[in-house]
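Q: Quick note, the sequences are listed as chains A and B, same order. End of the first sequence = 396 in numbering that gives the first Met the number 0, gap-free, step of one. End of the second sequence = 198 in numbering that gives the first Met the number 0, gap-free, step of one. For every residue, glycine included, the Cβ atom is placed at its ideal position computed from N, Cα and C.
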Amino acid sequence: MDRSVSPSVEEGPVYTHQTMCLEEGMALECGAHLAPLEVAYCTYGTLSAARDNAILVCHALTGDQYLAEPNPLTGKPGWWSRMVGPGLPIDTDRFFVICPNVLGGCMGSTGPRSICAETGKAWDSEFPPITMHDIVASQVRLVDYLGINRLFAVVGGSMGGMQALTWVADHPERVFAALPIATSPFHSAQNIAFNEVSRQAIFADPHWHDGHYRDFGAIPARGLGVARMMAHITYLSEEALSRKFGRRVRKEAATAVPAASSPSLFGEMFEVESYLRHQGSTFVRRFDANSYLTITRAMDYFDLAAEHDGDLSAPFGKCETRFCVVSFSSDWLFPTSQSRLLVRALNKAGANVSFVEIESDRGHDAFLLDEPDLDRTVRGFLNGAAEHAGLTKVETL
Amino acid sequence: MRVDQRLIAEMIPAKARVLDVGSGDGTLIDYLYRTRGCDARGIEIDMQSVTQSVAHGLPVMHGDADHDLAHYPDDAFDYVVLQRTLQAVERPREVLRQMLRIGRHAIVSFPNFGHWRLRLQLLTTGRMPMTSVWSTPWYSTPNIHPCTIRDFLALCEEDGYVVQQWLAVDEDGLKAPWRRSIRFANLFGEQALFLLSRG
Chain A
0 MDRSVSPSVE
10 EGPVYTHQTM
20 CLEEGMALEC
30 GAHLAPLEVA
40 YCTYGTLSAA
50 RDNAILVCHA
60 LTGDQYLAEP
70 NPLTGKPGWW
80 SRMVGPGLPI
90 DTDRFFVICP
100 NVLGGCMGST
110 GPRSICAETG
120 KAWDSEFPPI
130 TMHDIVASQV
140 RLVDYLGINR
150 LFAVVGGSMG
160 GMQALTWVAD
170 HPERVFAALP
180 IATSPFHSAQ
190 NIAFNEVSRQ
200 AIFADPHWHD
210 GHYRDFGAIP
220 ARGLGVARMM
230 AHITYLSEEA
240 LSRKFGRRVR
250 KEAATAVPAA
260 SSPSLFGEMF
270 EVESYLRHQG
280 STFVRRFDAN
290 SYLTITRAMD
300 YFDLAAEHDG
310 DLSAPFGKCE
320 TRFCVVSFSS
330 DWLFPTSQSR
340 LLVRALNKAG
350 ANVSFVEIES
360 DRGHDAFLLD
370 EPDLDRTVRG
380 FLNGAAEHAG
390 LTKVETL
Chain B
0 MRVDQRLIAE
10 MIPAKARVLD
20 VGSGDGTLID
30 YLYRTRGCDA
40 RGIEIDMQSV
50 TQSVAHGLPV
60 MHGDADHDLA
70 HYPDDAFDYV
80 VLQRTLQAVE
90 RPREVLRQML
100 RIGRHAIVSF
110 PNFGHWRLRL
120 QLLTTGRMPM
130 TSVWSTPWYS
140 TPNIHPCTIR
150 DFLALCEEDG
160 YVVQQWLAVD
170 EDGLKAPWRR
180 SIRFANLFGE
190 QALFLLSRG
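#1: Can you tell me whether DSSP reads B:Trp133 as helix, strand or coil?
#2: A:Ile294 and A:Gly77 look like a contact to me (Cβ under 8 Å); what is the Cβ gap, rounded to whole Å?
#3: Looking at A:Gly107 and the ligand FMN, is the gap between the Cβ and the nearest heavy atom below 8 Å?
#4: Given this structure, state the Cα-to-Cα distance separating A:Ala259 from A:Gly224, to the nearest angstrom.
#5: Please confirm whether A:Tyr43 and A:Gln17 have their CB atoms less than 9 Å apart.
#6: Taking C-alpha atoms, which residue in A:Gly379, A:Ala388 and A:Ser353 lies nearest to B:Pro58?
#7: I want to know whether the stretch 361 to 376 of chain A touches the stretch 230 to 239 of chain A - three or more CB-CB distances under 8 Å.
#8: Evaluate B:Ala153 with the Cβ neighbour count: other Cβ atoms within 10 Å of its Cβ, from every protein chain shown; 16 or more gives buried, anything less gives exposed.
#9: Mapping DSSP to helix, strand and coil, what is A:Pro314?
#10: For the alpha helix (DSSP H) containing B:Trp115, name the first residue and the last one.
#11: What's the C-alpha gap between A:Asp330 and A:Thr233?
#12: Can you give me the Cβ contacts of A:Met106 inside the same chain, cut-off strictly under 7 Å, excluding the 5 residues immediately before and after it?
#13: Below 8 Å between beta carbons is the criterion; list the residues of the stretch 62 to 79 of chain B that meet it against any residue of chain A, in chain order.
#14: In its own chain, which residues sit with a C-beta less than 6 Å from the C-beta of B:Cys91, not counting the 5 before and 5 after it?
#15: Taking three-plus beta-carbon pairs below 8 Å as touching, is the stretch 30 to 48 of chain B in contact with the stretch 5 to 13 of chain B?
#16: Nearest by alpha-carbon distance to A:Leu141: which of A:Ala297, A:Arg296, A:Gly24 and A:Gly316 is it?
#17: Beta carbons nearer than 9 Å to chain B: which residues of the stretch 358 to 370 of chain A have them?
#18: Under a CB-based cut-off of 9 Å, is A:Thr391 close to chain B?
#19: In chain order, what residues of the same chain lie with their CB nearer than 6 Å to the CB of A:Glu358, ignoring the 5 residues before and after it?
#20: Below 7 Å on C-beta distance, what does A:Val153 contact in chain B?
#21: Where do the ends of the beta strand (DSSP E) carrying B:Gly41 lie?
#22: Select from the stretch 24 to 48 of chain A all residues with a C-beta closer than 9 Å to any C-beta belonging to chain B, and list them in chain order.
#23: Just by C-beta distance, which residues in the stretch 22 to 49 of chain B are closer than 7 Å to chain A?
#24: If contact is defined by three or more beta carbon pairs under 8 Å, each pair taking one atom from either stretch, is the stretch 177 to 186 of chain B in contact with the stretch 146 to 162 of chain B?
#25: How long is the line joining the alpha carbons of A:Leu368 and A:Ala53, rounded to whole angstroms?
#26: Please say whether A:Phe126 and A:Ser108 have beta carbons closer to each other than 9 Å?
#27: Taking one C-beta from the stretch 280 to 300 of chain A and one from the stretch 179 to 199 of chain A each time, how about it: are there three or more such pairs within less than 8 Å?
#28: To the nearest angstrom, report how far apart A:Ser124 and A:Gln278 are at their CA atoms.
#29: Closest Cβ-Cβ distance between B:Leu81 and chain A: below 9 Å?
#30: Starting from the beta carbon of B:Met60, find every residue of chain A whose beta carbon is closer than 7 Å, and list them in chain order.
#31: Quick check on B:Asp63: does DSSP put it in helix, strand or coil?
#32: Alpha carbon to alpha carbon, how far is B:Pro136 from B:Cys155? Give it in angstroms, no decimals.
#33: Between B:Gly21 and B:Gly56, what straight-line distance do the alpha-carbon atoms span, to the nearest angstrom?
#34: Work out the CA separation of B:Val80 and B:Asp169 for me, nearest whole Å.
#35: Starting from B:Leu154, find everything on chain A with Cβ-Cβ shorter than 9 Å and list it in chain order.
#36: Identify the continuous alpha helix (DSSP H) that holds A:Thr376 and give its terminal residues.
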């Protein structure tokens, strides 16, 4: 969810992440077997001798593992660098922070761009369907590989929150604290509807080639760009758009955007149009269309209650995890009502739950932005949980 | 900590599971956790207080007595506390019922509408009484269900709750010496504090 102009990277990207490669791979929920399994990840801070201070941060749909360091593709700061770092709310002086690229992603973890062992060719659109459980299962392999038995906390916003919830549902004994932010225990019909429009935009692109666009040296840039533009609107709010752009018209018409590929109606362009086009065009340079399809589908399948005959408290019945659920008042993509539903189910399960709805007019994206109440909440919850977990202040290898 | 909160804390044994409904800035649950090792959680309606509590590491959720108690399972807590809030909820009787469903004990404090000053004001001025305890005018008060100590006792009897302990306290929360006589307590107590259990 990038939002400002980035300097173009001259000499090609320099990746600074690490990669775990598991030759035996892993089985997916759909029955397919992925081998080898690669998970690309970044870490920050130091793992304590007792290996008890690890925080897993899960990224959102179009995020990646570059959590708190410059992104090699965009050159911009890590997507949560204002939250994660020395002395910051997720304090890397104290905690060991791990951020993996999701399964199905396009930043180094196994996904549609990976080579299929059977065919010797890239999976592309043949990549098997994955679920949130599969994404978490791949992260479990990584956490095992790092020699960590119990994560001190799993933190994530939006789809990252879905992963945090799935972690607790699948491995309650391995998560001491969970911090799902701006998320929901299921993907709503409205969310699925938006995803479907995104997907149809990609399918309609002449460069789509049934998903084998890379064989043609092409990318469905228009389709993916439109998908991103539409999705981006859902991350904001009417108030935020009005405040940022109002009805202002750009002074020099559409200089930043090639006129042939993006014609302007009557030679004029509203600032909000220009902004969205920019969002679309920068996105296609860093994200793969097949990954977008794979991951949006995994989100659509997400419904924790459905797996337990509609009882949302069932997956949390045996957990002793401490929860802090956070929503934002203007988030209409993952509205507070869905967080409240989750909180009530957690109460029913007898779980220890904190719940804060943060007042903000910036919509779903607020979790990535400067929201002092979010910072206070994250810092306070983690510190409180650390006290209960018996973590000492500074204890490193 | 307020004196009446200290009186509440004295009713709660170590290691108890406690839900404080209307936990405010979290003083009571923080105290119960730190000094008694209680598993103490809070529900609070004011979002700023919730954020402040969570920022202090306390398990507090945004919610209110009328709508959120119903979602807890039976016997989830040993003690459910409702401080100075009963008169302001939509359905006091249902709130009490929920408190004693999810908790084995309920601790309830409320301002006593039977206090002599209120009675005298109504009698002499013919207008809604206002005191330091009942300090908002009728048109803007959140206190939509005021009751007296005798009213409350009658409801407990009707719904079969056992009054294990009760105190009338003066404005500063100090224990008042009218424990022998409910009639006197109802006349001179500004606040009442009850420890209830199921019948």
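A: To lay it out plainly:
#1: coil
#2: Incorrect: roughly 19 Å between the Cβ atoms, too far for contact.
#3: Among the ligands in the structure shown, none appear at all, so the ligand FMN cannot be discussed.
#4: Low confidence applies here, because A:Ala259 scores a pLDDT of 49, under 50, leaving its location unreliable; read the following figure in that light. Taking the straight line from one Cα to the other gives about 15 Å.
#5: no
#6: A:Ser353
#7: yes
#8: exposed
#9: helix
#10: Trp115 to Thr124
#11: 9 Å
#12: Ala39, Asp63, Gln64 and Asn100
#13: Gly62, Asp67, His70, Tyr71, Pro72 and Ala75
#14: It should be noted that the sequence gives Pro, not Cys, for residue 91 of chain B. Excluding sequence neighbours, B:Pro91 sits near Leu85 and His144.
#15: yes
#16: A:Gly24
#17: Glu358
#18: no
#19: Ser328
#20: Here the premise fails: no neighbours, minimum Cβ distance about 17 Å.
#21: Asp38 to Glu43
#22: none
#23: Arg40, Met46 and Val49
#24: yes
#25: 24 Å
#26: no
#27: yes
#28: 24 Å
#29: no
#30: Val342, Val352, Ser353 and Phe354
#31: coil
#32: 29 Å
#33: 17 Å
#34: 20 Å
#35: Per Cβ cutoff of 9 Å: no residues; B:Leu154 is ~26 Å from chain A at best.
#36: Pro371 to Ala388
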